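Undergrad: Quick one: structure below, then a few questions.
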Amino acid sequence: MIHVSQLVKYYNGLKALDNVSFHVMEGEIFGLLGPNGAGKTTLVGILTTEVKPTSGTARIKGIDVVNDPLAVKHLIGVVPQHRSLDRKLNGRENMLVMARAYGVKNPKSRVEELLALVGLTDRADNGIRQYSGGMLQKLLVARALIHDPEIIFLDEPSLGLDPQARIAIWDEILRFKDEGKTMILTTHYMEEADRLCDRVAIMNQGKIVKEGTPEKLKNEGIMRSVVTLELKRISDDVVEEIAEFEEVEEVQVIEKGFTELHVYTHNAEKNIPQIIKIIQRHGLKVYRLRSQEPSLEDVFINLTGRSLT
Amino acid sequence: MTLKRAKWSFNAAVAIFRRDMYVFCKEIGGNLLRIVGEPLFFLLVFGLLLPDLNLFPTGYIEILVPGIVSMSTMTGSMRSVAAGIGLSFEYNEDIRAHILTPITMRTLALEKIICGTFQGIVSGTLVLAIALIMFPGTFSFSLLCYCELFLIFIASGLTFASLGLALGSSFIPETLFEVMFISMMPMMFFGATFYPLSLLPELNPTFFYLTLFIPLTYISEGTRAILTPQIAYLSAIYCFIGIGIYFVIFFSLGLWAFKRRAIK
Chain A
271 MIHVSQLVKY YNGLKALDNV SFHVMEGEIF GLLGPNGAGK TTLVGILTTE
321 VKPTSGTARI KGIDVVNDPL AVKHLIGVVP QHRSLDRKLN GRENMLVMAR
371 AYGVKNPKSR VEELLALVGL TDRADNGIRQ YSGGMLQKLL VARALIHDPE
421 IIFLDEPSLG LDPQARIAIW DEILRFKDEG KTMILTTHYM EEADRLCDRV
471 AIMNQGKIVK EGTPEKLKNE GIMRSVVTLE LKRISDDVVE EIAEFEEVEE
521 VQVIEKGFTE LHVYTHNAEK NIPQIIKIIQ RHGLKVYRLR SQEPSLEDVF
571 INLTGRSLT
Chain B
284 MTLKRAKWSF NAAVAIFRRD MYVFCKEIGG NLLRIVGEPL FFLLVFGLLL
334 PDLNLFPTGY IEILVPGIVS MSTMTGSMRS VAAGIGLSFE YNEDIRAHIL
384 TPITMRTLAL EKIICGTFQG IVSGTLVLAI ALIMFPGTFS FSLLCYCELF
434 LIFIASGLTF ASLGLALGSS FIPETLFEVM FISMMPMMFF GATFYPLSLL
484 PELNPTFFYL TLFIPLTYIS EGTRAILTPQ IAYLSAIYCF IGIGIYFVIF
534 FSLGLWAFKR RAIK
């Protein structure tokens, strides 16, 4: 359905995308996961014809996004990160303009159908400024569906939403999946990617560093637990001593205003008392400790050496 | 481009044009004030007050009105497009939604220019009507006159809306209004608005050549050729050639700048 091959994009000499290749199959939700500045929005921008690649190709249903942007735009629906709603129009008028722009037959009834679908019929005559974040996002989703596209791009669909609104958007996304729509979803919420995506590509500094199903990424070669310890500070000696345990595969230090120690071990039960002993011997204090099975976030930290947030 | 794609693009352009017209009508009070306010003050001060005080000759109205009408077509079209595009790209971002519809960037740019041209025509027509009411019997005006003027208004609207597109697409709002001020002021005052071109070759040849470089000159002189032919220096045909050249330049610039801003 979507084929991306060796995409490169430079902005004023800075490489925003570095040789990105992947494909998305029909009916799949494909997640692009990465922190701000990883290149996700640039990549979606190219696929939605808003950004021109420096080199490489991207095809949607066999149509080249650079050579035939009109045909691509007709195929896709976009829920952009920027809330590009027309503030001079109300909700219904916003939808109607788009319905006419896409040449939808019976635009008024299509608009009403979609407003009902996202539960905005009662608020459709209100100005955009009166909408909450969740309502704006719902309207953007409805607007993206106006011409019943086969492929939907969702750029950070739940960014800035409260948990309730986020779950409502997730439910909408899962409903589109049931309808057989293909979706590309960019996010920096691990939970979102884990819950919604069939496959995930982890992006960092313009590159795809890993790709696969969330389960595969979590389990691939790392049947290990992550012991996370929060400390005020840490010394290199402690890290070195912990890393010497036979069962410990890797030790990472993450600075988040405080120090977070991630110990990847094949035997957490045995190692935890030993680790605490070492830390106490060095006169340091553990404020918090948790042990968990690997998550996508651990995969991300493992691959990139930095946290998403 | 295949016929199907041309139809998609046309549909989208019509929908966006309808939206722009709807918003223009919705905000009609503010828009009229913006369009008519400035020229109206010029007419009041230079056309009524100063001649009443015997500081300006009464006949000056015949020179002034075509200039002010021309200036209003310029400001009406240029400001609406430049400010609309500049603010839309930077703050409102609604233009991003238009870019995502199945429309070519050339068609979208043209839609913005046509919309600006419409505002230029409305502006010119209203200011002309006000001038005819303010100074009854000064101009021998007929429907044919208006039809000829309408062509001048279209030419003016297209040219200055294109310039507005170029400026609005090239500058962020913080600097856009300064750039507009810098580009509009010389045109307003050196574009044969307040004086006829016919007096310059003899009295101030340097200024004459300078004025010939100002695009508004061709609109002012074109309007004079129709409203007050006895004062006009350039015939309408030369005015159309002059403004046509500027249109090609500004349209190319506007299209280039818009495409560059729209598609990163």
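Sequence order for the protein chains is A and B. Count the first sequence with my numbering and you get residues 271 to 579, in order. Count the second sequence with my numbering and you get residues 284 to 547, in order. Where is the CB? At the ideal position from N, CA and C, for every residue including glycine. This one's a predicted model, so the numbers in the text were calculated from it and none came from an experiment.
Kindly provide the ranges of any alpha helix (DSSP H) runs that are 4 or more residues long and lie completely inside the segment 309-375 of chain B, ordered along the chain.
TA: Runs found: 311-325, 343-370.
Undergrad: Quick one: grab the DSSP three-state call for I492/A.
TA: Unreliable placement is indicated for I492/A, whose pLDDT of 48 sits below 50; no coordinate value is reported for it.
Undergrad: Please report the distance separating the alpha-carbon of M295/A from that of G359/B.
TA: When rounded, the distance between both Cα atoms is 51 Å.
Undergrad: Quick check: the Cα distance between F460/B and R560/A, rounded to an integer number of angstroms?
TA: So the two alpha carbons sit approximately 57 Å from each other.
Undergrad: Taking 8 Å as the threshold, find out whether the segment 539-555 of chain A comes into contact with the segment 504-512 of chain A through three or more Cβ pairs.
TA: These segments touch.
Undergrad: Taking the straight line between their C-alpha atoms, what separation do you get for E442/A and T506/B?
TA: Between E442/A and T506/B, the C-alpha separation is close to 59 Å.
Undergrad: Can you look up F530/B in the DSSP assignment and give me helix, strand or coil?
TA: Helix at F530/B.
Undergrad: What is the rounded straight-line gap between the Cα of G491/A and the Cα of A412/A?
TA: Here the model assigns G491/A a pLDDT of 47, short of 50, so the residue's position is not dependable and the matter cannot be decided.
Undergrad: What residues of chain A sit near E376/B, judged by a beta carbon separation below 9 Å?
TA: In chain order: P350, H352, R353, S354, L355.
Undergrad: According to the neighbour-count rule (16 or more other Cβ atoms, all chains shown, within 10 Å of its Cβ), is R608/B buried or exposed?
TA: Any answer about residue 608/B is impossible in this case: the structure gives chain B only from 284 up to 547.
Undergrad: Could you tell me the alpha carbon to alpha carbon distance between L536/B and E394/B, rounded to whole angstroms?
TA: When rounded, the distance between both Cα atoms is 16 Å.
Undergrad: Which value, in whole angstroms, describes the spacing of the CA atoms of K488/A and V569/A?
TA: Roughly 6 Å between the two C-alpha positions.
Undergrad: Are any of the Cβ atoms in chain A nearer than 7 Å to that of V364/B?
TA: Judged by the 7 Å Cβ criterion, V364/B is not in contact with chain A.
Undergrad: Since K555/A meets chain B, which of its residues come closer than 8 Å, beta carbon to beta carbon?
TA: Correct list: empty, because the minimum Cβ distance to chain B is about 49 Å.
Undergrad: Can you give me the Cβ contacts of P322/B inside the same chain, cut-off strictly under 7 Å, excluding the 5 residues immediately before and after it?
TA: Excluding positions up to five away in sequence, the list reads I351, M354, S355, V410.
Undergrad: Mark I413/B as exposed unless 16 or more other C-beta atoms lie within 10 angstroms of its C-beta, in which case mark it buried.
TA: Result: buried.
Undergrad: Assuming L366/A contacts K378/A under a Cβ cut-off of 8 Å, what Cβ separation, rounded to an integer in Å, is found between them?
TA: Right, their Cβ atoms sit about 7 Å apart.
Undergrad: Per DSSP, H273/A forms a beta bridge with which residues?
TA: Bridge partners of H273/A: H293/A, R329/A.
Undergrad: Are the beta-carbon atoms of S363/B and G320/B separated by less than 7 Å?
TA: No, the pair does not count as a contact, with Cβ atoms beyond the cut-off.
Undergrad: If you reduce the DSSP assignment to three classes, tell me which class Y478/B lands in.
TA: Coil at Y478/B, not helix or strand.
Undergrad: So for V348/A, helix, strand or coil by DSSP?
TA: Here V348/A sits in strand by DSSP.
Undergrad: Kindly say whether K310/A, judged by its beta-carbon, lies nearer than 7 Å to any beta-carbon of chain B.
TA: With 7 Å as the cut-off, K310/A does not count as an interface residue toward chain B.
Undergrad: T318/A versus chain B: which residues are under 9 Å apart at the beta carbon?
TA: Those within 9 Å of T318/A in chain B are L383.
Undergrad: Around the Cβ of E426/A, are there at least 16 other Cβ atoms within 10 angstroms (buried) or fewer (exposed)?
TA: Label assigned to E426/A: buried.
Undergrad: Quick one: does I397/B have its CB under 7 Å from some CB of chain A?
TA: I397/B does not count as touching chain A.
Undergrad: Report all residues from its chain with a CB closer than 8 Å to the CB of D377/B; omit the five preceding and five following residues, and keep chain order.
TA: Here the set comprises S371.
Undergrad: Return the bridge partner residues of E520/A from the DSSP annotation.
TA: Answer is Y534/A, bridged to E520/A.
Undergrad: With K480/A as the anchor, note down where its beta strand (DSSP E) starts and where it stops.
TA: Looking at the DSSP string, the run of the beta strand (DSSP E) that includes K480/A is 477-482.
Undergrad: Would you list, in chain order, the members of the segment 389-410 of chain A that have their beta-carbon closer than 8 Å to a beta-carbon of chain B?
TA: Within the segment 389-410 of chain A, no residue qualifies.
Undergrad: Less than 7 Å separating the beta-carbons of A414/A and G347/A?
TA: A contact, by the Cβ cut-off of 7 Å.
Undergrad: Just the chain B side, please: which residues come within less than 7 Å of G373/A by C-beta, in chain order?
TA: Within chain B, the residues near G373/A are W291, N294.
Undergrad: With a threshold of 6 Å on Cβ separation, who are the neighbours of G369/B within its own chain once the five nearest residues in sequence on each side are excluded?
TA: Hits under 6 Å: G451, P456, L459.
Undergrad: Tell me the DSSP bridge mates of M453/A?
TA: According to DSSP, which records beta bridges pairwise, M453/A is partnered with I299/A, I422/A.
Undergrad: Of all the options F523/B, N337/B, L391/B, which has the alpha carbon lying nearest to the alpha carbon of A298/B?
TA: Out of F523/B, N337/B, L391/B, L391/B has the C-alpha closest to the C-alpha of A298/B.
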